[in-house]
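For reference, the structure is listed below as structure tokens.
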Amino acid sequence: MTDISAENAALIPAPQKPVVRGYWGNVWNKLRYDYVTLFFLGLIIAIILIAILAPWIAPFDPNKSSMASRLKPPGFKHFVLGTDEQGRDILSRIIWGGRTSLLMGISPVLFATIIGGLFGVLAGFAGGRTNTAIMRTMDVFFAFPSVLLAVAISGSLGSGMVNQMITLTIVLIPPICRVAETATAQVRTMDFIDAARASGAKTPSILFRHVLVNVMSPVLVYASTLVSASILLASGLSFLGLGVAPPTPDWGLMLSTLRQSIYVQPLVCALPGVAILVTSVAFNLVSDGLRQAMDVKA
Amino acid sequence: MWLYVARRLFLTIPIGLGVTIICFALVYLAPGDPIQSLLPPDASEADKIAIKKAYGLDEPIPVQYVVWLGKALIGDLGKSIQTNRPVIDEVMRAFGNTITIAVISVVLAMGIALVLGIIAAIKVGSWADRLSTAIAVLGISVPTFWLGVVLVIVFSVNLGWLPATGMGEGGSEDFSFLEWESLQYAILPIIAMTLTPLGILMRTTRSTLAEILGQDFIQTLRAKGLSEWQIIVHAIWNGAPQILAMLGLQLGYLVGGSILVETIFTWPGTGFVLNTAILTRDIPLLQGTILVLAMAFVLINLIVDLLQTLVDPRIKRT
Chain A
154 MTDISAENAA LIPAPQKPVV RGYWGNVWNK LRYDYVTLFF LGLIIAIILI AILAPWIAPF
214 DPNKSSMASR LKPPGFKHFV LGTDEQGRDI LSRIIWGGRT SLLMGISPVL FATIIGGLFG
274 VLAGFAGGRT NTAIMRTMDV FFAFPSVLLA VAISGSLGSG MVNQMITLTI VLIPPICRVA
334 ETATAQVRTM DFIDAARASG AKTPSILFRH VLVNVMSPVL VYASTLVSAS ILLASGLSFL
394 GLGVAPPTPD WGLMLSTLRQ SIYVQPLVCA LPGVAILVTS VAFNLVSDGL RQAMDVKA
Chain B
6 MWLYVARRLF LTIPIGLGVT IICFALVYLA PGDPIQSLLP PDASEADKIA IKKAYGLDEP
66 IPVQYVVWLG KALIGDLGKS IQTNRPVIDE VMRAFGNTIT IAVISVVLAM GIALVLGIIA
126 AIKVGSWADR LSTAIAVLGI SVPTFWLGVV LVIVFSVNLG WLPATGMGEG GSEDFSFLEW
186 ESLQYAILPI IAMTLTPLGI LMRTTRSTLA EILGQDFIQT LRAKGLSEWQ IIVHAIWNGA
246 PQILAMLGLQ LGYLVGGSIL VETIFTWPGT GFVLNTAILT RDIPLLQGTI LVLAMAFVLI
306 NLIVDLLQTL VDPRIKRT
């Protein structure tokens, strides 16, 4: 959308005085008028708050089952969104499920950003054999579609939260490492690095005070685009039974167990997926908006 | 160009070897002794000694890898714990079923993506542009397994138009795309598989074309008096390599990532085999299927790269 309209806009002379805002000022100024991004950012904050405040918000205990009220439609008695196959309140389970689903979606991105980012900076900065060793190893992981790699590792490790986190972190490291490597290699050849070196800065100082700072924003923006994919992968693994153990509420797992009941209560069975979809759309649109505002091409 | 082709072929070898190393390592990722992962729980001592010998499990790990790789190269991927049949047979029987729906899905996605992507690129900001943006966002955000469940709810449970699961009476032996009796089983899995590649391909088509249409040579073509349609055709050929690359990637993702869709529709493909392997903790079956699928992905990428050199005269990467 921006490619052509932005070009046209550049042709119109800007009458107002140029305002000096600095990089982050500019980013904020762009984001401020991007209502779509702001709306979905608000939605993300709301979803995270709901997950954090689950014990106080959820109307019922998410694990309290009742044989008398199994698979009831939304609005049955006091169950706003109905009940599942064990008579547990769907709304409460979705609220509590957000905790697991968000945790399993977001934390691997954080771990992978740290590990992948470090490897990428190391490869890009050291160059030579170190670069070859790290990047060619990453290439091998790129030879797997992400779902397949996740299933391979998770299927071998077995189910469980920690195993799922390890799996997703391994899956997300290679793409982040590649972005960090590219960004570092670009920064490394820039004049100000030479200037810093000429003025006597030591390698660690150059790495931390000059390279890392400049590599950080493209890597973080890229990492933000992976959150949605990570949430989808995590819930997919849970759906396959490779995530948290059954009584714990989790969106993917709920979908998997409710699937058996689609002939009884179809609407209720689709609900946990709506939670995944909304969260994933929100993260995708916000990271898109962020990428545009920060003018990072990744 | 031939030099590039030769180099590209040569570069595939280390990647392929790397893939085999990861697949080999999967047995060691599994908790417990690898012998336990390779045998049924009720295996006798004699079986254990036999498998130890067969796999060289008493040798150092690098030797074990070479033994395993040698066997894999001649198609011996071990035996499934559950069925006791050779893994390669199980995988190959399912492979065709996965390829069938993956190829149809990606062709379908490409067709729709071309039409909508072209309109969106010509008329930026039009309804087609907005629709394609919306589908693109949905395509990358939708959990495929949920989409599958929703399709079953709508078309099987509520409307009763299409069967929810399976591949028809006789399975893949009787499957034919010309007969509604069997074709109806493939429709829902194909729709569920199409949305994600559709979104991504549409976004690629749109942005690639929009960029090309903004270039100087398009003005030249217009000045030469070409019709808008002819100009579009020029632009598409110009963007073909990028679109082709994305097409290949999407096909690879569908083939490799078919597990979720196939699990929902119990479509007897490789993804379904993987799911069975996970549920029964059948590590040899898991390992063999992953190896075949990853190799297929490497091969698809290689073919696409080579096709790209044919389509794009600018590639002189020698």
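Residue numbers (the numbering used here), protein chains in the order written: chain A, 154 to 451; chain B, 6 to 323.
Glycine included, every Cβ here is placed at the ideal spot set by N, Cα and C.
- Per DSSP, lysine 229 (chain B) lies in no alpha helix (DSSP H) segment and is marked neither H nor E.
- With a threshold of 7 Å between beta carbons, leucine 265 (chain B) makes contact with chain A.
- Judged by DSSP in its simplified three-state form, aspartate 63 (chain B) adopts coil rather than helix or strand.
- Taking the Cβ atoms as the reference, isoleucine 295 (chain B) lies roughly 7 Å from leucine 301 (chain A), within the contact range of under 8 Å.
- Under the three-state reduction of DSSP output, lysine 76 (chain B) falls in the helix class.
- Under the three-state reduction of DSSP output, proline 419 (chain A) falls in the helix class.
- Beta-carbon to beta-carbon, serine 377 (chain A) and leucine 443 (chain A) are separated by about 6 Å, close enough to satisfy the 8 Å threshold.
- Of the residues assessed, lysine 84 (chain B) falls on the buried side of the cut-off, its CB having 16 or more other CB atoms within 10 angstroms.
- Shown in chain order are the members of the stretch 409-427 of chain A whose Cβ falls below 7 Å from a Cβ of chain B: Arg412, Ile415, Tyr416, Pro419, Cys422, Ala423 and Gly426.
- Taking CB atoms only, isoleucine 326 (chain A) has no neighbour in chain B less than 7 Å away.
- Interface residue (Cβ-Cβ distance to chain A less than 7 Å): valine 71 (chain B) is not classified as such.
- Residue-level contact by beta carbon holds for tryptophan 151 (chain B) and chain A, with a gap shorter than 7 Å.
- In this model, methionine 318 (chain A) and leucine 373 (chain A) are separated by some 19 Å (Cα to Cα).
- Non-local C-beta neighbours of asparagine 316 (chain A) in its own chain, meaning closer than 6 Å and more than five positions away in sequence, comprise Leu310, ordered along the chain.
- In this structure the stretch 112-120 of chain B touches the stretch 199-211 of chain B; the number of beta carbon pairs closer than 8 Å is three or more.
- Glycine 426 (chain A) sits close to tryptophan 151 (chain B), with the two beta carbons spaced by under 7 Å.
- Nearest in C-alpha terms to leucine 156 (chain B), of all of B:Leu291, B:Ile196 and B:Pro65, is B:Ile196.
- Proline 91 (chain B) is bridged by DSSP to B:Lys84.
- Around the Cβ of phenylalanine 302 (chain B), a 10 Å sphere holds 16 or more other Cβ atoms; the residue is buried.
- When rounded, the separation of the alpha-carbon atoms in isoleucine 18 (chain B) and glutamate 334 (chain A) is 24 Å.
- In the three-state reduction of the DSSP assignment, threonine 271 (chain B) falls in the coil class.
- In terms of beta-carbon proximity, serine 388 (chain A) lines the interface with chain B, with at least one pair separated by less than 7 Å.
- Only residues of its own chain outside the window of five on either side were considered, and among them Ala107, Ser110, Val111, Met198 and Pro202 have a CB closer than 7 Å to the CB of leucine 259 (chain B), listed in chain order.
- Between the stretch 60-74 of chain B and the stretch 245-264 of chain B there are fewer than three C-beta pairs closer than 8 Å, too few to call the two in contact.
- Pairwise C-beta distances place the stretch 428-446 of chain A in contact with the stretch 180-195 of chain A, as three or more of them are shorter than 8 Å.
- Under DSSP, threonine 236 (chain A) forms a beta bridge with A:Asp242.
- Counting C-beta atoms within 10 angstroms of its own C-beta, aspartate 403 (chain A) has 16 or more neighbours from the protein chains shown and is therefore classed as buried.
- Cβ contact annotation for glycine 274 (chain B) (same chain, cutoff 6 Å, sequence separation greater than five): Ala99, Asn102, Thr103, Ser263 and Glu267, in chain order.
- In chain order, Leu214, Ile217 and Leu218 place their CB closer than 6 Å to the CB of alanine 240 (chain B), counting only its own chain and leaving out the 5 sequence neighbours on each side.
- Not a single C-beta of chain A is nearer than 7 Å to the C-beta of glycine 293 (chain B).
- Shown here for leucine 226 (chain B): same chain residues with a beta carbon closer than 8 Å to its own, the five before and five after excluded, namely Gln235, Ile236 and His239 in chain order.
- Look at alanine 77 (chain B): its C-beta is not under 7 Å from any C-beta on chain A.
- Within chain B, no residue has its beta carbon less than 9 Å from that of leucine 196 (chain A); the closest one is some 13 Å off.
- Alanine 204 (chain A) is not a Cβ neighbour of leucine 271 (chain A), given a cutoff of 7 Å.
- Apart from sequence neighbours up to five positions away, the residues of its chain that approach leucine 252 (chain B) with a beta-carbon distance below 7 Å are Val111, Met115 and Leu206, ordered along the chain.
- Note on the stretch 279-316 of chain B: whole alpha helix (DSSP H) runs with a minimum of 4 residues are 288-316, in chain order.
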